[in-house]
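All remarks here apply to the structure that follows.
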DNA sequence: GTACACTACATACC
DNA sequence: ACTGGTATGTAGTGTAC
């Protein structure tokens with residue numbers, strides 16, 4: 021049998037003690053296939069360069085005898101080959117040792133205790149990663165596979181019970197040109213009685229999906245085996261049909277045909293499993309479903325003593341431990357969109373929180389439905405109806421989000437070459453590392469090992485190294501500014517100076533690059549191109565290529581591709597400085613920062629020598645005043661500077677600005693760093709660091725500050741802005757300010773009990789807990805500061821929750837929100853807002 | 001009892 | 001623990017006078 025498919029899901033099983041990789045994929049005819057491929061595990065043993073051929077032969081014979089006996093299996097060395105490889109910049113001879121079972125590779129590696137073997141490597145790479153790396157069968161690309169169809173008569177360890185159209189034992193797999201692939205996405209969402217996992221009943225479960233068929237199919241035939249086929253939505257303008265359903269065992273109404281009612285929670289759960297199986301999606305998508313929906317379903321299934329057999333082999337979801345456990349369903353890729361957005365996609369968002377409502381509003385222009393939660397017994401028939409709508413709507417926006425983010429998920433998976441399950445959950449360092457691992461073969465390089473616990477401890481104890489340079493600004497309002505910045509500065513420094521673990525030299529060598537790390541002394545790097553900088557250079561080139569491709573042909577895919585390369589390039593520097601990295605190199609990271617400082621300081625000097633006044637600089641950007649010079653002259657200077665920059669480093673024009681303001685720190689009168697506001701000739705604002713952009717300030721103060729900055733920057737003076745402040749203070753004093761304007765939001769970053777300092781938001785969180793509201797790490801706590809009967813000195817004693825009765829605390833909002841937000845802006849014009857507010861208050865309160 | 005230094009914490013910039 | 005360092009600013013905490 022021969023078929024063409026794209027691998028979507030990867031896993032492996034043991035059969036007679038050996039490892040078989042299982043890929044679940046789709047053919048272009050939309051058939052689900054399961055490809056099984058024998059894959060022998062292996063690792064490397066690197067030999068001391070002095071080892072002679074005779075000794076090598078002896079060692080080989082010795083190693084061939086190694087074996088491990090376990091009750092369940094015997095793992096032995098199956099085969100050894102001697103290979104010429106590279107390892108951290110050196111040519112080495114290494115044994116590639118094939119063993120029976122990957123799970124024992126660590127143990128077998130430990131048995132190789134010979135003085136001639138100087139290092140053992142790659143026993144710690146997950147089998148799937150190794151499989152993809154060595155056999156080059158990448159997720160979401162296309163392959164043809166030949167092999168025998170596994171039938172019921174086969175004794176292959178229950179494999180034939182996998183719910184797929186075909187299951188084959190691969191004999192040959194070959195790359196074929198990519199084909200179009202439309203993912204089958206099924207979104208789901210649950211509503212439960214209690215917030216705590218498994219504590220309450222699951223009231224309802226919603227499903228939302230595009231009905232998986234081509235346009236020629238009549239919807240009425242699609243779910244013909246279903247009692248509920250009429251619940252398919254009609255075709256939309258794009259000729260698409262959607263499947264929507266709410267499963268519940270609570271009060272059903274006849275008016276909502278998408279609601280299906282069952283007699284018990286258990287029956288509802290069983291039907292949920294059945295429907296997911298019938299819909300047969302490639303991706304089951306939730307929002308925060310690793311942390312809530314899936315574990316909740318499992319807990320309730322357990323409680324009801326039923327099996328949540330969602331897996332294609334009828335297995336239940338498994339939860340890998342980690343900071344957040346990841347819910348894996350065999351054969352179906354479970355995606356928790358929240359995790360993907362949190363680690364990867366949030367950088368492209370403006371949203372201040374990453375809740376479904378805000379993220380969906382931003383990306384889709386469609387937020388959550390409003391619904392007021394109440395205890396079950398307080399819900400009217402009408403409330404239940406709204407509740408079902410609400411639940412379905414959550415699945416709907418989750419589905420639409422998944423579609424929206426699909427190009428990014430797809431491109432990242434293809435570029436990183438790891439399955440979608442992993443890339444939607446792994447952090448930035450893991451993505452960079454996977455990219456490196458999958459590209460090592462280009463350099464014939466053996467992979468470095470993952471640091472063990474002890475090593476991580478050592479690395480962390482080394483402490484921080486000196487980072488970026490930030491220019492000390494002078495407070496003031498400036499006109500006619502130019503902003504230059506380095507393109508991907510740290511990455512370009514790594515490439516240009518060849519900074520990495522494999523190029524780092526333990527001692528000075530001839531022709532080496534010497535980097536001065538200040539107090540930490542001198543370090544040296546080889547000028548022979550290392551694989552890490554070389555790989556990074558290629559990433560940057562690809563980013564450039566795909567960026568211009570995107571500009572020529574803008575589409576979500578070209579954009580996603582360009583962004584994915586940018587993502588890796590930007591994370592490379594942090595990766596080398598990250599204690600958990602295989603290719604951790606503190607010296608390289610510290611040198612990257614040092615050489616970046618050196619370069620930006622040199623550029624600052626050049627700009628100053630060309631008689632411009634530099635007003636600010638942070639890490640990779642420089643702002644300066646054009647004074648009487650033209651923009652063209654500034655651009656000529658830019659060209660000139662670029663000619664003398666090392667390697668691939670490049671400086672570019674960020675923009676020209678009509679005006680810019682820098683303010684003083686609140687404690688001293690020196691200029692504050694990382695805090696400024698700019699405006700272009702087209703009145704486009706760029707505000708950095710100010711309270712306006714900080715979510716832990718109340719909207720009133722933020723909006724006022726933002727408006728004040730705008731007025732000042734547009735007009736070049738403070739007059740109108742001052743009037744606005746006066747008006748706002750008057751309003752505040754007259755108690756005309758709406759409650760939502762004075763609400764403060766602060767994130768709870770750890771469990772309540774771990775706070776050493778009891779801050780206002782901790783008190784607010786405790787209050788929430790008391791009234792039975794859900795409180796969890798990561799939540800934004802909303803509260804306001806109220807007037808109190810007795811005089812209280814601490815802010816936390818005046819904290820009230822949004823729906824508590826009480827007046828806002830005038831003194832607090834005046835002196836701790838409004839005035840601090842605008843005080844240092846008016847200081848630039850020698851106006852003392854505080855005196856103004858107080859002075860008027862004493863003489864004539866009504867003036868405000 | 002309050003002034004001050006210091007710490008804890010959250011959030012931003014790049 | 002889940003990329004790095006630099007920076008501001010608020011509120012709480014502890015201590016001296």
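Residue numbers (this note's numbering): 21 to 868.
Every residue gets a Cβ at the ideal spot worked out from N, C-alpha and C, and that includes glycine.
On a predicted model such as this, the values are computed, not experimentally measured, just so you know.
- Residue state for residue 426 is assigned as helix, using DSSP reduced to three classes.
- Closest in alpha carbon position to residue 644, among 652, 638 and 632, is 632.
- Residue pairing by DSSP leaves residue 516 without any beta bridge partner.
- Per DSSP, the continuous alpha helix (DSSP H) segment holding residue 323 begins and ends at 313-323.
- Rounded to whole angstroms, the gap between the alpha carbons of residue 513 and residue 393 is 54 Å.
- In the DSSP assignment, residue 27 falls within the beta strand (DSSP E) that extends over 22-35.
- Excluding the 5 residues flanking it on each side, residue 129 has same chain C-beta neighbours closer than 6 Å at 63, 140 and 143, in chain order.
- For residue 87, there is no enclosing alpha helix (DSSP H); the residue is found in the beta strand (DSSP E) stretching over 87-89.
- Comparing alpha-carbon positions, the option among 544, 798 and 600 lying closest to residue 475 turns out to be 600.
- Exclusion of the five residues before and after residue 127 leaves 88 as the residues of its chain whose Cβ lies within less than 6 Å of its Cβ.
- Rounded to the nearest whole angstrom, the CA to CA distance from residue 682 to residue 452 is 37 Å.
- Taken in chain order, the whole beta strand (DSSP E) runs of length 3 or more contained in the region 538-612 are 542-545.
- Straight through space, the alpha carbons of residue 852 and residue 843 are spaced by roughly 7 Å.
- Beta-bridge partners of residue 643 (DSSP): 503 and 636.
- Judged by beta-carbon spacing, residue 818 lies within the 8 Å limit of residue 829, meaning their Cβ atoms are closer than that value.
- DSSP, reduced to helix, strand and coil, places residue 848 outside both helices and strands of the structure shown, so it counts as coil.
- Rounded to whole angstroms, the Cβ separation of residue 303 and residue 361 is 15 Å, and the two are not in contact under 8 Å.
- The beta carbon of residue 745 sits closer than 6 Å to the beta carbons of 842 from its chain, once the five residues preceding and following it are set aside; these are given in chain order.
- According to the DSSP assignment, residue 653 belongs to the alpha helix (DSSP H) that extends over 651-663.
- Just measuring C-alpha positions, the residue of 110, 333, 21 and 98 sitting nearest residue 190 is 21.
- Separation of the CB atoms of residue 388 and residue 276 is rounded to 18 Å, and the pair is thereby denied contact status at 8 Å.
- Looking from the CA of residue 694, the closest CA among 703, 701, 709 and 685 belongs to 709.
- Between the alpha carbons of residue 201 and residue 575 lies a distance of about 16 Å.
- In the three-state reduction of the DSSP assignment, residue 133 falls in the coil class, being assigned neither a helical nor a strand state.
- Within the same chain, and ignoring the five residues on either side of residue 203 in sequence, the residues whose Cβ sits closer than 7 Å to its Cβ are 302, 303 and 426.
- The beta carbon of residue 309 sits closer than 6 Å to those of 356, all from its chain and outside the five residues before and after it, given in chain order.
- Residue 377 sits in a helix when the DSSP states are folded into three classes.
- Counting every other CB atom within 10 Å of its CB across the protein chains shown gives residue 121 a total of 16 or more, marking it as buried.
- A residue is called buried when at least 16 other Cβ atoms come within 10 angstroms of its Cβ; residue 712 meets this threshold and is buried.
- Distance between residue 293 and residue 58, taken at the CA atoms: about 31 Å.
- For residue 264, the secondary structure class from DSSP, reduced to helix, strand or coil, is strand.
- Fewer than three beta-carbon pairs drawn from the region 343-350 and the region 363-375 are found closer than 8 Å, and the two stretches are therefore not classed as touching.
- Less than 8 Å separates the beta-carbon of residue 208 from that of residue 225.
- DSSP, reduced to helix, strand and coil, places residue 485 outside both helices and strands of the structure shown, so it counts as coil.
- Counting along the chain, residue 745 sits inside the alpha helix (DSSP H) bounded by residues 739-753.
- Residue 415 is classed as buried because its beta carbon has at least 16 other beta carbons within 10 Å across all chains shown.
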